[in-house]
Amino acid sequence: MTFKARLKNLGQATTEYIILLATVMALFVAVKAILKPIQDKFMTGAGKMIENAIFNPQGMHRFRVGR
25 MTFKARLKNL GQATTEYIIL LATVMALFVA VKAILKPIQD KFMTGAGKMI ENAIFNPQGM
85 HRFRVGR
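In structure tokens:
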């Protein structure tokens, strides 16, 4: 195989990898955008539960701490 043929094949493979990488990145961004509202809703609910459990004066009494 000549150098010119190798260079042509190398360029084709590079282009295919770039297209593949761009497709994967686009799918990642799309999935992230779709799941963002679900994540925000979950984190908001979990944040309130954690805040009530730790920072509420009555909340810490639920945890048994042995001395």
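25 is the number of the first residue of the sequence shown in our numbering; add one for each residue after it.
Even glycine gets a Cβ: it sits at the ideal position worked out from N, Cα and C.
Note that the structure is a prediction, hence the values are computed from the model and not measured.
Asked                                                       : Found
For T39, the three-state DSSP class (helix, strand or coil) : helix
Through-space distance from A57 to E100, alpha-carbon basis : Absent from the model: residue 100. The displayed extent of the chain is 25 to 91, so no value can be given.
For T26, the three-state DSSP class (helix, strand or coil) : coil
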